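Letter by letter, the sequence shown follows residues 1076 to 1331 in the working numbering. For every residue, glycine included, the Cβ atom is placed at its ideal position computed from N, Cα and C. Bear in mind the structure is a predicted one, so any value in this text is a computation, not a measurement.
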Amino acid sequence: MTKELWHQGRVAIVTGGTAGIGLEIARTLVARGAKVAIGGRRNVEEYDSLSHEGFLIDQLNVCEVDSVERFVGSVTAHYGEPGILVNAAGVSVHHEVCGHSDDDWDLVIQTNLNGPFKMIRACLPSMLASGWGRIVNIASTAANTAVATHAAYCASKAGLLGLTRAVALEGAGRGVTCTSVSPTWVETDMLRNSIELMANRSGQSLEVQRQEIAASNPQNRLVQPQEIAELASFMCSDLSPALTMEDVQVNAGAHW
1076 MTKELWHQGR VAIVTGGTAG IGLEIARTLV ARGAKVAIGG RRNVEEYDSL
1126 SHEGFLIDQL NVCEVDSVER FVGSVTAHYG EPGILVNAAG VSVHHEVCGH
1176 SDDDWDLVIQ TNLNGPFKMI RACLPSMLAS GWGRIVNIAS TAANTAVATH
1226 AAYCASKAGL LGLTRAVALE GAGRGVTCTS VSPTWVETDM LRNSIELMAN
1276 RSGQSLEVQR QEIAASNPQN RLVQPQEIAE LASFMCSDLS PALTMEDVQV
1326 NAGAHW
């Protein structure tokens, strides 16, 4: 089976698919034959630039049950039951625990952990019924280590690994796999925003701050979104039936 046919005819949902890692995964799945639906919190009209790339685009807030159920129902009506789910929606905030607001904590946990749970709960029954499904959760190296000022992010991603393992066991005997991918720093708009924030706090230039982050791993580089997309694409294919309950770290040799 060639790469171009890996996902021929499969229906895929990619949360967080309007930017960053999620968008690159969505593009890769489309290129390999999948019918891909992506969702974002903003109005659909604001994603006009993506409307010609072969996606079904609809509004989706993974934190809200009604939004999740409406989105999955819309995808099912348009394409059929989803067989692939990639949970790539994510947020991060920079706060020390002392002074960390409840609102910011709740936003991160709701988006990064509760959101994937709600999406899996909505998509898993049809996968189990059909005897085939692929669920990939985009976690982080932060799930296995930690850094100060990222308590909510680390907690949410660690929880996501536990959810991944539990779902993998539930689907193991019925053709459904569940895995996670844990990248280190990936060059996305989300990272660029973090670099700007860190540069403002440190007084360094954006380029110096970027180089400092790149130098934090032995490869002295930032991981590119396409690297994550290629891995996720394989994990969503028929070539990986035994790859489940696994967290694959794309860490460039670094712990974080």
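With residue i and residue j assumed to form a contact (beta carbons below 8 Å), what rounded beta-carbon distance in angstroms separates them?
i, j, result
"Thr1252", "Thr1319", "4 Å"
"Ile1303", "Ile1096", "5 Å"
"Gln1284", "Thr1216", "About 19 Å separates the two Cβ atoms, so there is no contact after all."
"Asp1313", "Leu1236", "About 25 Å separates the two Cβ atoms, so there is no contact after all."
"His1330", "Thr1239", "Wrong, their Cβ atoms sit about 20 Å apart, outside the cutoff."
"Thr1254", "Met1194", "With a Cβ gap of about 15 Å, Thr1254 and Met1194 do not count as contacting."
"Thr1090", "Ala1204", "Not confirmed; about 22 Å, so no contact."
Quick check: what's the CA-CA separation for residue i versus residue j?
i, j, result
"Asp1141", "Leu1135", "9 Å"
"Lys1078", "Val1105", "11 Å"
"Gly1162", "Pro1191", "In the sequence on display, residue 1162 carries Asn and not Gly. Taking the straight line joining both Cα atoms gives about 6 Å."
"Glu1128", "Ser1315", "27 Å"
"Gln1301", "Gly1174", "37 Å"
"Gly1248", "Ala1241", "13 Å"
"Trp1180", "Ala1223", "15 Å"
"Leu1133", "His1169", "What sits at residue 1133 in the sequence shown is Asp, not Leu. One C-alpha to the other measures close to 29 Å."
"Asp1177", "Val1119", "30 Å"
"Trp1081", "Arg1107", "6 Å"
From the DSSP output, read off the bridge partner residues of residue i.
i, result
"Phe1130", "Val1111"
"Arg1209", "Ile1159 and Thr1252"
"Gln1324", "Ser1257"
"Val1298", "Val1261"
"His1170", "His1225"
Whose C-beta lies closer than 6 Å to the C-beta of residue i among residues of the same chain, with five residues either side of it excluded?
i, result
"Gly1208", "Gly1158, Met1202 and Val1251"
"Gly1234", "Leu1188"
"Leu1098", "Gly1092"
"Pro1293", "Gly1328"
Is any heavy atom of the ligand ATP found at a distance shorter than 6 Å from the C-beta of residue i?
i, result
"Gly1246", "Within the structure as shown, the ligand ATP is missing, as the structure has no ligands at all."
Spatial neighbours of residue i within its chain, please: CB distance less than 7 Å, with the 5 preceding and 5 following residues excluded, ordered by chain position.
i, result
"Ser1231", "Val1183, Ile1184, Asn1187 and Leu1188"
"Ala1307", "Ile1100, Val1161, Val1211 and Val1256"
"Cys1138", "Gln1185, Thr1186, Asn1189 and Gly1190"
Beta-carbon within less than 8 Å of residue i's beta-carbon, same chain only, minus the 5 sequence neighbours each way: which residues are those?
i, result
"Gln1299", "Val1261 and Glu1262"
"Ala1289", "Trp1260, Asn1295, Arg1296 and Leu1297"
"Cys1198", "Ile1088, Val1147, Pro1157, Leu1160, Gly1208 and Ile1210"
"Phe1130", "Gly1092, Ala1101, Val1105, Val1111, Ala1112 and Ile1113"
Next item on the list: May I have a chain-ordered list of the alpha helix (DSSP H) segments no shorter than 4 residues that lie completely inside the stretch 1081-1128?
Entry: Runs found: 1095-1106.
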